[in-house]
């Protein structure tokens, strides 16, 4: 059943409507609820595939559903429609306005109503796709404050990597933090790249979600064997690579590859002079779990991340 | 006056990215004044240009006090200003959400870090700031409640209001917040506008800054004496919201004193022209902020009122 989560009228003959698909057993069933959320950033589309697969598959196998599945494919419909990361017209990052305010401006009101609808879920997936600049292996990022509660879920989600990071005051305005802070466990998934859909990653997460649903007693249908993720909780384990000069980045390696110290990851070149400005070599041995996809770089632009191992 | 490059990045096809500063006088790092950080902050840039002009004249007359250095950085983000984009040209990040910055980090972290390194040791820090909501303000000084704020000092600008603001999580990465944490006495100066230049309020702001510098013994200047400032916190302000979306027809502007029940604005249907909402003042007071866009979304804070109080 498709329902309206929140609606606001716009000035010229249009309403902003955020919808969800609720799938639940026709009669009876358990009381558990899982919510699948994506589209906070309008340029991150990887979650669209996951929502599409879950919605279609669960309707096809409705007899195996023993709890409630809520699917929210577009928290920022304007952003998705206009290829805009933030909220168009406001130049606001939607993932910095939570928990919102029911008495606040339109966007704060939307944020508050969205949270109100989701709070109480037994598990929430907040699916992102890094951004248009970087490609990521499927991973779950967890604030250290919520590590104990979330890691057991994340281990079963069929991702390659769990990154437990330090607390950061700025991140307290995010959707996931706001839910975790009130006791609704929320996993932040980052996978693939902005403005594209990597179907293999979408399929991987789809299977992970079904597996978790099975473990939670929401699903009695087919189960999948999930990957054992690499888990990192020490800040010093992750090595950040930043561009030392502005130019065009040409990558030599792909995300997910293992690197030895000194391996060439890519070059920053100047098409005007035909010269190589900089060769980027692995400063440590490890796993390249993030790589830059967008070729134009400024000095400082993130080129990749390596997990030391 | 010495013109100097505070921070620089080489670009591929554009001219180098430069943050330029203008210093006046020599000695102790007395005050740093920062202008636009976002590509639409024309008024903030204009205020700094006026300030540079005035300080240059004061320096030539020997009116910068001995042993005091003043630094003005009119623009931290010329790249975005020149292409009329609000945030950073490639990744749309906001430099004023990157402080104190990080010299080994991403581009805007490096810019924030490079600028902050150059300005963190000044006794006073002033930033010509803008608000994300489109509208007009009564000129005021805004300070964050960090435990280091100095309200009495803020009154010395002589603006009608000093606004005390409780920081939200994202405020902790702003210049003002970090200046305070690094023990610079930091103030945000709000004039009436952001994109459009309002010469009258720019002049008022520049006079207020020079008056403050005079009171702190940094320059010799006689000009604007200003108001006895009223201190209000953002929690005390009353937001007035429209219930319906449509054309916004304002009947009152920032700075006006309004009575309870006074009509402030009408919302007009964008297709049929009829009034669909009327907005009345819920209480007596002064309008600190008024919406200034042709259209408005529903439930927008179109006015902010500072309530009338007995001590005023």
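Protein chains in written order, with my numbering: chain A, 21 to 329; chain B, 831 to 1142.
Glycine included, each C-beta is placed from N, C-alpha and C at the ideal position.
Judged by beta-carbon spacing, residue 880 of chain B lies within the 8 Å limit of residue 1036 of chain B, meaning their Cβ atoms are closer than that value.
In this structure, the CA atom of residue 329 of chain A is about 21 Å from the CA atom of residue 312 of chain A. Taking CB atoms only, residue 266 of chain A has a neighbour in chain B less than 8 Å away.
Taking a Cβ-Cβ threshold of 8 Å, the residues of chain B close to residue 322 of chain A are 936, in chain order. Using a Cβ-Cβ cut-off of 7 Å, residue 1130 of chain B is close to 125, 126 of chain A, given in chain order. By the neighbour-count criterion, in which a residue is buried when 16 or more other Cβ atoms sit within 10 angstroms of its Cβ, residue 1058 of chain B is exposed. Between the alpha carbons of residue 305 of chain A and residue 258 of chain A lies a distance of about 11 Å. Cβ proximity to chain B below 8 Å picks out 151, 153 from the stretch 137-156 of chain A. Chain order gives the chain B residues near residue 193 of chain A as 998, 999, 1000, where near means a beta carbon separation below 9 Å. With 16 or more neighbouring CB atoms inside 10 Å of its own CB, residue 903 of chain B falls in the buried class. Contact check for residue 288 of chain A against residue 317 of chain A passes: the beta carbons are separated by less than 8 Å. The C-beta distance from residue 871 of chain B to residue 960 of chain B rounds to 5 Å, short enough to fall under 8 Å. In the DSSP annotation of this structure, the continuous segment of the alpha helix (DSSP H) that includes residue 938 of chain B starts and ends at 937-949. One finds 31 in chain A with Cβ atoms closer than 7 Å to the Cβ of residue 1125 of chain B, taken in chain order. The Cβ of residue 1133 of chain B sits no closer than 8 Å to any Cβ of chain A. Any Cβ of chain B closer than 8 Å to the Cβ of residue 28 of chain A would place that residue at the interface, and such an atom is present.
Residue 57 of chain A sits close to residue 145 of chain A, with the two beta carbons spaced by under 8 Å. With 16 or more other Cβ atoms inside 10 Å of its own Cβ, residue 192 of chain A counts as buried.
Every unbroken stretch of the beta strand (DSSP E) spanning 3 or more residues and falling wholly within the stretch 987-1074 of chain B is given here in chain order: 991-995, 1015-1020, 1060-1063, 1068-1071. In terms of CA proximity to residue 968 of chain B, B/1084 leads the group B/1114, B/1084, B/985. The C-beta of residue 227 of chain A comes no closer than 8 Å to any C-beta of chain B.
Comparing alpha-carbon positions, the option among B/1133, B/1061, B/1125 lying closest to residue 1088 of chain B turns out to be B/1133. Under the three-state reduction of DSSP, residue 967 of chain B is assigned to strand. Think of a sphere of 7 Å around the beta carbon of residue 189 of chain A: the chain B residues whose beta carbon falls inside it are 999, 1002, in chain order. A straight line joining the alpha-carbon of residue 47 of chain A with that of residue 81 of chain A spans about 15 Å.
Assigned with DSSP and collapsed to three states, residue 930 of chain B falls in coil, not helix or strand. For the 8 Å CB-CB criterion, residue 178 of chain A and residue 244 of chain A form a contact. Per the Cβ contact rule, the stretch 200-213 of chain A is in contact with the stretch 126-146 of chain A (3 or more Cβ pairs under 8 Å). Between the alpha carbons of residue 940 of chain B and residue 946 of chain B lies a distance of about 10 Å. At least 8 Å separates the CB of residue 931 of chain B from every CB of chain A. The beta-carbon separation of residue 853 of chain B and residue 888 of chain B, rounded to 13 Å, does not stay under the 8 Å limit for a contact. DSSP links residue 1096 of chain B through a beta bridge to B/1079, B/1108. Taking each of A/105, A/75, A/50 in turn and checking the Cα distance to residue 91 of chain A, the smallest one comes out for A/75. DSSP, reduced to helix, strand and coil, places residue 171 of chain A within a helical segment of the structure shown. The three-state secondary structure of residue 163 of chain A, taken from DSSP, is strand. Close to residue 920 of chain B, with beta-carbon spacing below 9 Å, are these residues of chain A in chain order: 153, 314, 316, 317, 318, 321.
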